[in-house]
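Numbering (the working numbering), first residue to last: 60 to 206. The C-beta atom is built at its ideal place from N, Cα and C for all residues, glycine as well. Reading through the structure tokens given below for one structure.
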């Protein structure tokens with residue numbers, strides 16, 4: 060039995076989770092500089108305490124509808140993948156949950172391809188389903204180019 064902490068977050072009303080050990084920061088993605096000729100998932104780059112961070116829009120990466128006009132200011136979670144710093148732009152952060160790995164199930168086989176490659180597993184919570192994301196696949200530069 061292995062229990063891990065997961066940061067839970069919301070994107071487009073769906074509950075997602077990321078292994079808390081992978082999350083370095085939670086911040087407001089302000090001062091974004093657009094990156095010419097980049098994929099639509101790249102919201103821009105920003106300076107976060109002296110580090111250049113690539114901001115990736117989770118909604119665009121997952122193929123979800125854009126944020127509604129007047130929605131609360133988005134947040135970002137800071138992650139590092141292969142030595143590169145990223146900010147995954149999300150709608151909100153919920154809480155940190157301790158979950159037993161034995162409660163996770165494999166992702167369903169009927170997921171859209173862009174979701175199937177980035178989901179580690181799913182866990183049924185009391186009121187809803189938690190979808191756990193693999194930050195390496197979600198944010199890896201090669202996957203962003205091929206998405």
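Residue i Cβ short of 7 angstroms to the ligand ATP heavy atom set
i	result
residue 78	No copy of the ligand ATP occurs in the structure displayed, which carries no ligand at all.
Close-in-space but distant-in-sequence residues of the same chain around residue i (CB under 8 angstroms, 5 per side omitted)
i	result
residue 132	87
residue 124	71, 118
Limits of the beta strand (DSSP E) - the one that residue i falls within
i	result
residue 188	188-192
residue 69	62-70
Buried versus exposed, by CB contacts within 10 Å (16 or more), residue i
i	result
residue 129	exposed
residue 150	buried
residue 117	buried
residue 92	exposed
residue 146	buried
residue 77	buried
residue 75	buried
residue 155	exposed
Residue range of the unbroken alpha helix (DSSP H) whose run includes residue i
i	result
residue 80	Note, residue 80: premise wrong, no alpha helix (DSSP H); not H, not E.
residue 121	117-121
7 angstroms Cβ shell around residue i - same chain, five flanking residues per side excluded
i	result
residue 94	101, 103, 104
residue 175	166
Close-in-space but distant-in-sequence residues of the same chain around residue i (CB under 6 angstroms, 5 per side omitted)
i	result
residue 177	192, 193, 196, 197
residue 144	110, 112
Under 8 angstroms between C-beta atoms of residue i and residue j
i	j	result
residue 85	residue 138	no
Spatial distance of residue i from residue j (CA atoms)
i	j	result
residue 187	residue 127	23 angstroms
residue 114	residue 185	32 angstroms
residue 97	residue 199	14 angstroms
residue 173	residue 161	25 angstroms
residue 168	residue 120	19 angstroms
residue 141	residue 82	14 angstroms
residue 68	residue 182	14 angstroms
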